[in-house]
Structures are given as structure tokens and as C-alpha cells.
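**Student:** Each number in my numbering corresponds to the 1-based position in the sequence shown with 7 added.
The beta-carbon is built from N, C-alpha and C at its ideal position, and this holds for glycine as well.
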Amino acid sequence: MRLAMGAEEISLRDYREGDLEAMIRVDEVCFAADFRFDRASMSAFAEARNAMAVVAETSGHWMAGFAIVHMERAPAGLRGYIVTLDVLPEYRHGGLGARLIGEMERRVQATGARWMDLHVFTGNEGAIRFYERLGYERMGLKHRFYGQDGLDAFVYRKALAVG
């Protein structure tokens, strides 16, 4: 899938093992310390057996962003869980984040999963608006979800159309 950002073209592709260092650098730019992943965690999340990871790459072969989703069994059936969505600041507000999430939703839906879940820091108003615009609904609150300070997160869910 290709997406034009101004004069620059961005392609979405599957994660490759060699992407790890670039993902860590993108994550460091995108998130404050309480919200970023260390190298071991990023590797574990991206390379897990139940992971789907998509990279947004510029025509110059630079990583503009990425998304990682884990497929999980829940009592009500299979679900996708958005581990992270990272988009570099210079590529935000042009549709790249929505394209990454849309691609992940399509992939998750193709597995037969019925919904996608995610957590958002309660103080991240931009992310909250973003996910709500994409049809995610607030389902609850998870206390002390993030970081050493135990910052709270809202739990969001989006039902996926059943094929």
C-alpha cells in the first residue's frame, strides 16, 4: 500500500528484523520516557508469535512510523490489541496514523477477530481524539497502567465487521 505525503511517497510493508533499531529511534521521538519501550521489549513485541507489525517507509527508505498489534484470545473470542502506534511528528496530521490503524484493522479482521482494543494515557488528548475519530469507544479505566509513576490509561475498543 502506498500513501503520498506531499511530494514524498510512503509505503506500508511488513516488519523485518532489521527494522528494530529504527523502531527504537522512532519510539524515542514519539513518546516520553514513561511510555516508550526499551530495546528488549520492542523486540519482544514486534517479533512475538502473535504479533502483526507494519512499517511506514518513505521513498527514501526512512521509517516514518509503525504499528504493532498482538492477536489474543479473550473469553468472547479472538481480538487484536494495539501494542503501539508510532508516527514521527513531521508525518502526523496527514493520514498516516489512520492508514496504519486501518491496515491493522483489515489484517486483524481477516483472522476472524471481532474487535480491536488499546490503551491510551488519560492525559493524551490528541490520541484520545484520534482513536475516537476512528470509531474506538471508551470502555473503562486501567489504573497505574504506564511507567514507574503508574499513570492511568483509558481502555478503548472498536468492533470489527464480521465477514
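1. Counting only runs that start and end within the segment 28-105, where is the beta strand (DSSP E) found for 3 or more residues in a row?
2. With a threshold of 8 Å, are at least 3 pairs of Cβ atoms found where one atom belongs to the segment 118-130 and the other to the segment 77-92?
3. Just how far apart, CA to CA, sit Phe52 and Leu167?
4. Could you spell out where the beta strand (DSSP E) holding Ala120 opens and where it closes?
5. Can you tell me where the alpha helix (DSSP H) with Tyr22 in it begins and where it stops?
6. Going by alpha carbons, who is nearest to Tyr153 out of Glu139, Phe44, Glu112 and Val94?
7. Does DSSP classify Met12 as helix, strand or coil?
8. Do Ala120 and Leu92 come within 7 Å of each other at the CB atom, strictly closer than that value?
9. What's the C-alpha gap between Val33 and Val76?
10. Going by other Cβ atoms of all chains shown within 10 Å of its Cβ, with 16 needed for buried, is Gly104 buried or exposed?
**Tutor:** From the atom records:
1. 58-65, 70-81 and 84-94
2. yes
3. Residue 52 sits at position 45 when you count from the first residue of the sequence shown. Residue 167 sits at position 160 when you count from the first residue of the sequence shown. Those two C-alpha atoms are separated by around 23 Å.
4. In the sequence shown, counting from the first residue as 1, residue 120 sits at position 113. Here Ala120 belongs to no beta strand (DSSP E), and DSSP marks it neither H nor E.
5. The residue you call residue 22 lines up with position 15 of the sequence shown. Per DSSP, Tyr22 belongs to no alpha helix (DSSP H) and is neither H nor E.
6. The residue labelled residue 153 in the question sits at position 146 within the sequence shown. Cα-wise, what sits closest to Tyr153 is Phe44.
7. As a working note, residue 12 is residue 5 in the sequence shown. In this predicted model, Met12 has a pLDDT of only 49, less than 50, meaning its place in the structure is not dependable; the value taken from the coordinates is given anyway. Met12: strand per DSSP, three-state reduction.
8. As a working note, residue 92 is residue 85 in the sequence shown. As a working note, residue 120 is residue 113 in the sequence shown. No. Outside cutoff.
9. By one-based count along the sequence shown, residue 33 stands at place 26. By one-based count along the sequence shown, residue 76 stands at place 69. Going by the C-alpha atoms only, they are around 17 Å apart.
10. Counted from its first residue, the sequence shown places residue 104 at position 97. Answer is buried; the Cβ neighbour count reaches 16.
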